[in-house]
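I have placed the structure first, in the form of structure tokens, so that the comments after it can refer back to it.
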Amino acid sequence: MKIEEHFYLLKRRIFKKNNIIFITILVILLFVMFLSLTVMTLYRTNEIASSNKKTDGKTIYVYPPLKQDKLTTEDLDKIKSIDHVSFVGGKIYFGGVSLSVDELNKPFSEAEIFVQPLLEGINLKMVKGNQEISNGEMICPVNFYPYEAYSFDDEYIEDEEETEEVFNMKKKIIKSAKINGRDLIGKNLKTKHITSYDYNDETGEESNIKYNYQDFKVVGTYDTSYTMDSLYNCYISKDDYLKLVLSDFEHKGYIEYEHLQEQELNKEYNEVMIILDEYKNMNYVHQKLDKLKYVYEDEKEVNQGDKLFFTYVPMFITIIIILVAINIIYNFNSKKIKGRVSNYALLKSLGYDNKTIEINEILENVICYLISFVISLSIFITCFVMFKNNYLAGYVVEGMLINIPALAIGTIFVIVLCLLIVINNKLVAKKLKHSVLELLRKEI
Amino acid sequence: MELKNVSKIYKLKDEEINALSDFSYKFEMGKMYGVKGHSGSGKSTLINILGLLEMPTKGTYIIDKRDVSKLNSKELADLRLNTIGFVFQDFYLDENMTALENVMLPLLINKSLSFKEKEEKAQKLLTDVGLVNRIKHFPKELSGGECQRVAIARALANNPKIILADEPTGNLDEENEKIIFEQLKKLIKEGKCVIVVSHSDEINNYADEILKISKGKLVDKK
């Protein structure tokens, strides 16, 4: 029997009350499954994958061995000679500096970028241009968004001693403000940062603000998702970075940075920062450092408790839902097929073979499933996009990967479809084993 | 179509019921047969065996020169599709389908016609039984007589040689009963063999032969 003929048989019964209820229940079950899978993959993508992707994940702080005061250039050379160590240097290079870019200001937000030094071991996924930059040059994100993702609603909580600002967590990315990094290549971005200002404790006023201005020529653009960088994160040369950080107001005056500056000048360090070529070589480098008796600490450690919770709880929920789905599919189909026994008898008496009847029944279930899958997925994607663009916009700007777990959803689609076909087939085949008369008389 | 020493035995817990005992008869094409008997006489069993809805416990049933006991389920289904047309007492129309769609049911698995040809044939069959204006009506919108005519049209869909009707007028009034018997009678002019099980005496006016069954055996034929 051709497919159009199967549909001819089905057209009157596909939207009967039973099937509508079945479709509705499947929509809900699938939606909850998508939700729990998203939570699981969001965690895995960001917490666990960030170890592999972000530079932090392959950054180690190394301290002098016991009974040794400082790390000297000799120590640095020893550490640098370890395989898979790409960069060794002072901790002054860790972190970044915020720069204002007035020419990119918008009515809703001032433009601010965060610059970091392009150190050895940082492997950017370049979209245009190459990763080598000189002084005065910059690489920016291809999906460039140098604005606040938060809108501020000030709420003052007064107590006896101080007032607090409470940020309203409404977030939004203004699509029209997104900048394509490719369009900036060859252009000079005029940046500035505060080097000093005077602050009046009584009035709270800032005065005598001094800026340092610097132009950077954009020579390349990179994809932030590969390194989980924020959408305003730009890279400049080591030398440019050092000058900036040493003159930046936010860093000056802090004892730690003064020490870091001193260590950089004297080339004697309390601690150094190393960056590996790849995350997978962490254990190897740990072993080498152990052999050389250096004390070390990883910049990033995965919280094992969170890892277990956000992996196994959603997985457990998904499994429970699949079991519930099996139960519902079985009961629904069982009841439906029981009510169709006379129909099967009629078809058999007209000359339909068992296989044709089975295929028709399976097709009905598959169509119901496809309808419910499409509805559920549409609702899910709509909610996901709305939630992402509004409540999670800040995280997106910060570089968090918030994507629909397409692979997991595809897997669920196949699993539930197979369950549907198998359960339905078994139930129908069991009934069709009986003769026409037994079916007509419902002696089963 | 021939039955040779056919018996049908039903086993119920501790006892055996001989619904049909050693029944032998040869049915000819171009004739209408009436089968009569009291309740429990075996007439429905007879027609169910003839229609391949049941298999005999003993004996041989030859249809189209083939012994049905040697056929597999697919071959039996093919026979039901192409050689036999069955009309039930309770019509057994699909309530969710229109008259046209019900007649289309056996045509859907007919591989020799295109879809358009099938629809045209179904429409013609309904026209032939006088239901041209009821094609798009559902069974609940049709009278008993009209439903039975749809069932007859459906039974004729694949041009079977043999038409079997089990109490086709059981649920109908006298007027409709006559209409149905008239419809069935017309078929023998096309060379078909029509076998009707009926309590009604009206069958005597239409059948070429009447077979009387009692306790599973043929007791009389006229």
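Same order as they appear, the protein sequences are chains A and H.
Under our numbering, the letters of the first sequence match residues 1 to 444, in that order.
Under our numbering, the letters of the second sequence match residues 1001 to 1222, in that order.
Idealized CB from N, CA, C, for every residue including glycine.
| Taking Cβ-Cβ distances below 8 angstroms as the criterion, which residues of the segment 1099-1128 of chain H are in contact with chain A? | Residues passing the 8 angstroms Cβ filter: E1101, M1104, L1105, P1106, L1108, I1109, F1115.
| query | How many angstroms separate the CA atom of A/V97 from the CA atom of A/V313? | reply | Going by the C-alpha atoms only, they are around 39 angstroms apart.
| request: Taking only beta carbons into account, state which residues of the segment 334-365 of chain A come closer than 8 angstroms to chain H, listed in chain order. | output: Residues of the segment 334-365 of chain A that bring their beta carbon within less than 8 angstroms of a beta carbon in chain H comprise S342, N343, A345, L346, L347, K348, S349, L350, G351, Y352, D353, N354, T356, in sequence order.
| message | If you measure between the beta carbons of H/K1031 and H/D1201, is that distance less than 8 angstroms? | response | No, Cβ-Cβ distance for H/K1031 and H/D1201 is not below 8 angstroms.
| task | Return the first residue and the last residue of the alpha helix (DSSP H) that A/Q304 is part of. | result | Per DSSP, A/Q304 is one residue of the alpha helix (DSSP H) stretching across 304-338.
| field | Length of the line joining the Cα atoms of A/N424 and A/I319 | value | Computed Cα separation, rounded: 20 angstroms.
| request: Using a Cβ cut-off of 8 angstroms (strictly closer), state whether H/E1054 contacts chain A. | output: Taking Cβ atoms only, chain A reaches closer than 8 angstroms to H/E1054, which makes this a yes.
| request: Taking only heavy atoms of the ligand FMN into account, decide whether any of them is closer than 7 angstroms to the Cβ of A/I367. | output: Among the components of this structure there are no ligands whatsoever, and the ligand FMN is therefore not found.
| query | Taking 8 angstroms as the CB-CB limit, is H/Y1061 close to chain A? | reply | No, its Cβ sits nowhere closer than 8 angstroms to a Cβ of chain A.
| Counting Cβ pairs, one atom from each stretch, are 3 or more of them under 8 angstroms apart for the segment 240-247 of chain A and the segment 7-27 of chain A? | Contact between the segment 240-247 of chain A and the segment 7-27 of chain A is absent: fewer than three C-beta pairs spanning the two stretches fall below 8 angstroms.
| field | Residues within the segment 1144-1169 of chain H neighbouring chain A, beta-carbon criterion of under 7 angstroms | value | Sequence-ordered contacts of the segment 1144-1169 of chain H with chain A are nonexistent [C-beta pairs closer than 7 angstroms].
| Is H/V1150 helix, strand or coil by DSSP? | If DSSP states are grouped into helix, strand and coil, H/V1150 belongs with the helices.
| task | Give the DSSP-derived three-state secondary structure of A/K355 in the structure shown. | result | Here A/K355 sits in helix by DSSP.
| request: Grab me the residues of H/L1172's own chain with a C-beta within less than 7 angstroms of its C-beta, minus the 5 sequence neighbours each way, in chain order. | output: The residues G1144, G1145, Q1148, I1180, in chain order, have a CB closer than 7 angstroms to that of H/L1172 in the same chain once the five nearest residues on each side in sequence are set aside.
| field | Three-way DSSP call (helix, strand, coil) for A/F94 in this model | value | In this structure, A/F94 counts as coil in the three-state DSSP scheme.
| task | Below 9 angstroms between beta carbons is the criterion; list the residues of the segment 404-434 of chain A that meet it against any residue of chain H, in chain order. | result | Listed in sequence order: no entries.
| Sequence-distant residues of the same chain with beta carbon closer than 7 angstroms to A/F31, five excluded per side | In chain order, S376, I379, F380 place their CB closer than 7 angstroms to the CB of A/F31, counting only its own chain and leaving out the 5 sequence neighbours on each side.
| Cβ of H/M1097 within 8 angstroms of any chain A Cβ | At least one chain A Cβ lies under 8 angstroms of H/M1097.
| Does any CB atom of chain H fall closer than 8 angstroms to the CB of A/V436? | Interface criterion met: the Cβ of A/V436 is under 8 angstroms from a Cβ in chain H.
| request: Measure the beta-carbon distance from A/F108 to A/I194 and round it to whole angstroms, keeping in mind my assumption that it falls under 8 angstroms. | output: Not really, about 22 angstroms apart at Cβ, beyond 8 angstroms.
| A/M214 versus A/S207, A/S36, A/L189, residue with shortest Cα-Cα distance | According to the sequence as given, residue 214 of chain A is Gln; it is not Met. Just measuring C-alpha positions, the residue of A/S207, A/S36, A/L189 sitting nearest A/Q214 is A/L189.
| field | Separation of A/G95 from A/P65, as counted between CA atoms | value | If you take the alpha carbons of A/P65 and A/G95, they lie about 25 angstroms apart.
| task | Take A/R182 and list the residues in its own chain whose beta-carbon comes closer than 6 angstroms to its own, dropping the five residues that flank it on each side. | result | Excluding residues up to 5 positions away in sequence, K128, T221 lie with their Cβ nearer than 6 angstroms to the Cβ of A/R182 in the same chain.
| query | Who are the neighbours of H/S1069 on chain A, taking C-beta pairs under 9 angstroms? | reply | None at all; the shortest Cβ gap to chain A is about 14 angstroms.
| request: Could you check which residue in A/Y257, A/S435, A/L26 has the C-alpha nearest to that of A/V374? | output: Selected option, being the one with the closest Cα: A/L26.
| query | Any chance the segment 50-59 of chain A sits against the segment 230-239 of chain A, with 3 or more Cβ pairs inside 8 angstroms? | reply | Cβ pair count under 8 angstroms is below three, so no.
| said: Within 10 Å of its beta-carbon, does H/L1100 have 16 or more other beta-carbons around it, so buried, or fewer, so exposed? | reply: By the 16-neighbour rule on beta-carbons within 10 angstroms, H/L1100 is buried.
| query | Hey, is A/Y8's beta-carbon within less than 8 angstroms of any beta-carbon in chain H? | reply | Interface residue, yes.
| message | I want to see whether chain H comes within less than 8 angstroms of A/E5, judged by CB atoms only; does it? | response | Answer yes: the Cβ-Cβ gap between A/E5 and chain H drops below 8 angstroms somewhere.
| said: Classify A/G410: buried if its beta carbon has 16 or more other beta carbons within 10 angstroms, exposed otherwise. | reply: Within 10 angstroms of the beta-carbon of A/G410 lie fewer than 16 other beta-carbons, which makes it exposed.
| task | Check whether the Cβ of H/K1013 lies closer than 8 angstroms to any Cβ atom in chain A. | result | Cβ-Cβ to chain A under 8 angstroms: no for H/K1013.
| request: Determine, using beta-carbon pairs with one atom in the segment 1155-1162 of chain H and one in the segment 1081-1097 of chain H, whether at least three such pairs fall under 8 angstroms. | output: Contact holds: three or more Cβ-Cβ distances are below 8 angstroms.
| Helix or strand or just coil, what does DSSP make of H/G1145? | Assignment of H/G1145 by DSSP, reduced to helix, strand and coil, places it in the helix class.
| CB contact check: A/R12 to chain H, cutoff 8 angstroms | Yes, its Cβ sits closer than 8 angstroms to a Cβ of chain H.
| task | Compute the beta-carbon to beta-carbon distance between A/T382 and H/I1109, rounded to the nearest angstrom, for a pair I have assumed lies under 8 angstroms. | result | Actually they do not touch by this definition, with Cβ atoms about 43 angstroms apart.
| Proximal residues to H/E1175 (C-beta, below 8 angstroms), its chain only, five neighbours per side dropped | Excluding residues up to 5 positions away in sequence, G1145 lie with their Cβ nearer than 8 angstroms to the Cβ of H/E1175 in the same chain.
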